[in-house]
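Worksheet: one structure, shown below.
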(Lines of atoms letter the chains of each structure in order from A and count residues from 1; the text may use other names and numbers.)
(Lines give C-alpha, C1' and ligand atoms only; values in the text may rest on other atoms or scores of the structure.)
Protein backbone atom coordinates (compact mmCIF):
# COMPACT_ATOMS: atom_id res chain seq x y z
CA UNK A 1 0.00 0.00 0.00
CA UNK A 2 2.87 2.40 0.85
CA UNK A 3 6.37 2.33 -0.51
CA UNK A 4 9.61 4.12 0.27
CA UNK A 5 9.59 7.69 -1.02
CA UNK A 6 12.14 9.74 0.91
CA UNK A 7 13.93 9.88 4.24
CA UNK A 8 10.79 11.22 5.89
CA UNK A 9 7.88 9.70 3.96
CA UNK A 10 6.30 6.70 2.36
CA UNK A 11 4.11 7.25 -0.70
CA UNK A 12 0.79 5.58 -1.36
CA UNK A 13 -2.29 6.01 -3.54
CA UNK A 14 -5.67 5.95 -1.87
CA UNK A 15 -9.18 6.91 -2.87
CA UNK A 16 -9.90 10.15 -1.06
CA UNK A 17 -13.49 10.87 -0.07
CA UNK A 18 -15.22 13.55 2.01
CA UNK A 19 -16.48 12.81 5.51
CA UNK A 20 -18.84 14.70 7.79
CA UNK A 21 -16.73 13.85 10.84
CA UNK A 22 -13.85 16.13 11.81
CA UNK A 23 -11.34 13.26 11.91
CA UNK A 24 -9.59 11.53 9.03
CA UNK A 25 -9.81 7.73 8.87
CA UNK A 26 -9.02 4.67 6.79
CA UNK A 27 -9.97 0.98 6.84
CA UNK A 28 -9.31 -0.32 10.36
CA UNK A 29 -7.60 -3.52 9.20
CA UNK A 30 -5.30 -1.65 6.81
CA UNK A 31 -4.58 0.95 9.50
CA UNK A 32 -3.53 -1.80 11.88
CA UNK A 33 -1.36 -3.51 9.26
CA UNK A 34 0.40 -0.28 8.25
CA UNK A 35 0.90 0.63 11.90
CA UNK A 36 2.50 -2.78 12.60
CA UNK A 37 4.73 -2.69 9.51
CA UNK A 38 5.86 0.92 9.52
CA UNK A 39 5.46 2.35 13.03
CA UNK A 40 6.11 -0.55 15.40
CA UNK A 41 9.67 -0.84 16.66
CA UNK A 42 9.54 -4.63 16.97
CA UNK A 43 10.36 -4.56 20.68
CA UNK A 44 7.76 -6.55 22.62
CA UNK A 45 4.00 -6.06 22.56
CA UNK A 46 3.03 -2.77 20.95
CA UNK A 47 -0.21 -0.92 20.37
CA UNK A 48 -1.39 -0.69 16.78
CA UNK A 49 -4.14 1.87 17.31
CA UNK A 50 -1.94 4.96 17.34
CA UNK A 51 -2.84 7.36 14.57
CA UNK A 52 -0.85 7.33 11.37
CA UNK A 53 0.43 10.72 10.27
CA UNK A 54 -0.42 11.50 6.64
CA UNK A 55 -0.02 14.45 4.36
CA UNK A 56 -2.52 15.41 1.68
CA UNK A 57 -1.68 18.60 -0.17
CA UNK A 58 0.35 20.65 2.29
CA UNK A 59 -1.43 19.59 5.48
CA UNK A 60 -0.38 16.91 7.99
CA UNK A 61 -3.06 15.16 10.01
CA UNK A 62 -3.72 12.12 12.17
CA UNK A 63 -5.50 9.16 10.58
CA UNK A 64 -7.35 6.61 12.69
CA UNK A 65 -8.76 3.21 11.78
CA UNK A 66 -12.50 2.91 11.20
CA UNK A 67 -14.39 -0.28 10.36
CA UNK A 68 -16.91 1.74 8.30
CA UNK A 69 -14.27 2.90 5.80
CA UNK A 70 -13.68 0.65 2.78
CA UNK A 71 -10.22 -0.69 1.95
CA UNK A 72 -7.80 1.57 0.03
CA UNK A 73 -9.82 4.65 1.01
CA UNK A 74 -8.97 7.71 3.06
CA UNK A 75 -11.89 9.77 4.34
CA UNK A 76 -11.21 13.36 5.35
CA UNK A 77 -13.26 16.42 6.34
CA UNK A 78 -14.55 18.32 3.29
CA UNK A 79 -12.46 21.38 4.09
CA UNK A 80 -9.32 19.29 3.62
CA UNK A 81 -10.43 18.29 0.11
CA UNK A 82 -10.56 21.91 -0.97
CA UNK A 83 -7.19 22.67 0.65
CA UNK A 84 -5.60 19.74 -1.21
CA UNK A 85 -7.28 20.50 -4.56
CA UNK A 86 -9.08 17.15 -4.62
CA UNK A 87 -11.74 17.47 -7.28
CA UNK A 88 -14.69 15.17 -7.94
CA UNK A 89 -14.20 12.76 -5.02
CA UNK A 90 -13.83 9.90 -4.65
CA UNK A 91 -10.55 10.48 -6.39
CA UNK A 92 -7.40 8.36 -6.48
CA UNK A 93 -4.72 10.59 -4.95
CA UNK A 94 -1.10 10.38 -3.86
CA UNK A 95 -0.91 10.40 -0.07
CA UNK A 96 2.26 10.72 1.97
CA UNK A 97 2.71 8.76 5.20
CA UNK A 98 5.24 10.20 7.62
CA UNK A 99 7.80 7.75 8.90
CA UNK A 100 7.69 6.98 12.61
CA UNK A 101 10.66 9.17 13.50
CA UNK A 102 8.91 12.23 12.04
CA UNK A 103 5.29 11.45 12.93
CA UNK A 104 5.11 12.79 16.49
CA UNK A 105 7.06 15.90 15.60
CA UNK A 106 4.80 16.68 12.63
CA UNK A 107 1.65 16.25 14.68
CA UNK A 108 2.93 18.44 17.47
CA UNK A 109 3.63 21.20 14.95
CA UNK A 110 0.37 20.90 13.01
CA UNK A 111 -2.00 20.23 15.92
CA UNK A 112 -0.16 21.66 18.90
CA UNK A 113 0.23 18.39 20.82
CA UNK A 114 2.08 15.14 20.13
CA UNK A 115 -0.15 12.12 19.57
CA UNK A 116 2.33 9.27 19.47
CA UNK A 117 4.21 8.22 22.60
CA UNK A 118 7.90 9.05 22.82
CA UNK A 119 8.76 5.34 22.59
CA UNK A 120 7.24 5.09 19.10
CA UNK A 121 9.45 7.75 17.55
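Residue numbers (our numbering): 275 to 395.
Positions of the beta carbon are idealized from the N, C-alpha and C atoms, including for glycine.
How many whole angstroms separate the CB atoms of residue i and residue j, which I take to be in contact at a CB cut-off of 8 Å?
| i | j | result |
| --- | --- | --- |
| residue 359 | residue 331 | 6 Å |
| residue 306 | residue 339 | 6 Å |
CB-CB under 8 Å to residue i, same chain, minus the five flanking residues each way: which ones, in chain order?
| i | result |
| --- | --- |
| residue 369 | 285, 286, 287, 288, 290, 328, 329, 330 and 348 |
Can you tell me whether residue i is buried or exposed, with buried defined as 16 or more other CB within 10 angstroms of its CB?
| i | result |
| --- | --- |
| residue 336 | buried |
| residue 373 | buried |
| residue 304 | buried |
| residue 296 | exposed |
| residue 344 | exposed |
| residue 355 | buried |
Within the same chain, show all residues whose beta-carbon is closer than 7 Å to that of residue i, passing over the 5 residues directly before and after it, in chain order.
| i | result |
| --- | --- |
| residue 393 | Here residue 393 scores only 41 on pLDDT, less than 50, and its place in the model should not be relied on; the value that follows carries that caveat. Within the same chain, residue 393 has no close Cβ partners at all. |
| residue 357 | 331 and 333 |
| residue 376 | 282 |
| residue 302 | 339, 340 and 341 |
| residue 346 | 288 and 289 |
Give every residue of the same chain whose Cβ lies closer than 6 Å to the Cβ of residue i, excluding the five residues on either side of it in the sequence, and list them in chain order.
| i | result |
| --- | --- |
| residue 352 | 292 |
| residue 364 | 289 and 291 |
| residue 380 | 327, 334 and 372 |
| residue 279 | 285 |
Complete beta strand (DSSP E) runs within the stretch 289 to 349 (minimum length 3 residues, chain order)
298 to 301, 326 to 330 and 333 to 340
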